[in-house]
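Residue numbers (my numbering): 15 to 222. Yeah, the Cβ is synthetic: ideal placement off N, Cα and C, and Gly gets one too. Written below as structure tokens is the structure these notes are about.
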Amino acid sequence: MRLLSYITNFGDPYLTSLLAGVIILWLAATRAWRPLLAWTSCFSVGVLAVAASRLAHAGWGVEISALNFAVISGHSMLASAVYPTTFGLCATQAKPRTARLAYLLGFACALAIGVSRVLLGFHSTAEVVTGWLLGTLIAGMTCSLMSRSRVRTFSVGKFSMHDSTPFAATAMALIVICHGKIVPVSNWIDSNASEVTQWSKPQAVETR
Numbered sequence: 015m016r017l018l019s020y021i022t023n024f025g026d027p028y029l030t031s032l033l034a035g036v037i038i039l040w041l042a043a044t045r046a047w048r049p050l051l052a053w054t055s056c057f058s059v060g061v062l063a064v065a066a067s068r069l070a071h072a073g074w075g076v077e078i079s080a081l082n083f084a085v086i087s088g089h090s091m092l093a094s095a096v097y098p099t100t101f102g103l104c105a106t107q108a109k110p111r112t113a114r115l116a117y118l119l120g121f122a123c124a125l126a127i128g129v130s131r132v133l134l135g136f137h138s139t140a141e142v143v144t145g146w147l148l149g150t151l152i153a154g155m156t157c158s159l160m161s162r163s164r165v166r167t168f169s170v171g172k173f174s175m176h177d178s179t180p181f182a183a184t185a186m187a188l189i190v191i192c193h194g195k196i197v198p199v200s201n202w203i204d205s206n207a208s209e210v211t212q213w214s215k216p217q218a219v220e221t222r
């Protein structure tokens, strides 16, 4: 159980959102505009989809009973979007085969996180698979565009960055430092869902 908790914490929004931010900064710094646009727009849509599904379930009870589906697994979506993209960017200067292996490693990490969510009882298989597919689509689109773009050289002061080493170092540091820290986003949405549902109800007019 402790091992499953250790694995699942790699998908927590605290860590994955920071990695997503580093991806944005790196793509902007290397002027990879198309991958940057794909990442920011698709990742934002993925986050909104997860939040909307949880709000709909907590506020209005929306679910698909036949599939045991209530909400999109946020950990699975974030992990499958962030880790393949992160590992793929770390290998942008490597040979194509190495870059593919790096992407698959991130994919395997996301898969392990998704399985841990099911085994720990946080999500059903359908919820995890949905989140995993959504995140994989985001990562695949970004890495596909990245493979067609060359990482350009840029300078910061006296330092000239020719490869993805600074990105890899920053990403690994965040993973080591931030793993285990948790942001209870789901609990916050659940606790505030009742207020949102009240806004959607017509206000009763007082009569004498």
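Short of 6 Å from the beta carbon of residue 94, and not among the five residues preceding or following it, lie these beta carbons of its own chain, in chain order: 124, 146, 149 and 150. Residue 131 has its alpha-carbon roughly 13 Å from the corresponding atom of residue 16. Here residue 112 is exposed, its C-beta having fewer than 16 other C-beta atoms within 10 Å. No residue range can be given for residue 83, since it is assigned to no alpha helix (DSSP H) and is classified by DSSP as neither H nor E. Judged by beta-carbon spacing, residue 158 lies beyond the 8 Å limit of residue 68, meaning their Cβ atoms are not closer than that value.
Nearest neighbour of residue 197 by Cα position, chosen from 18, 30, 21 and 133, turns out to be 30.
A direct Cα-Cα distance of roughly 22 Å separates residue 141 from residue 155. At least 8 Å separates the beta-carbon of residue 100 from that of residue 160.
The three-state secondary structure of residue 196, taken from DSSP, is coil. The continuous stretches of alpha helix (DSSP H) do not include residue 15, and DSSP gives it neither H nor E.
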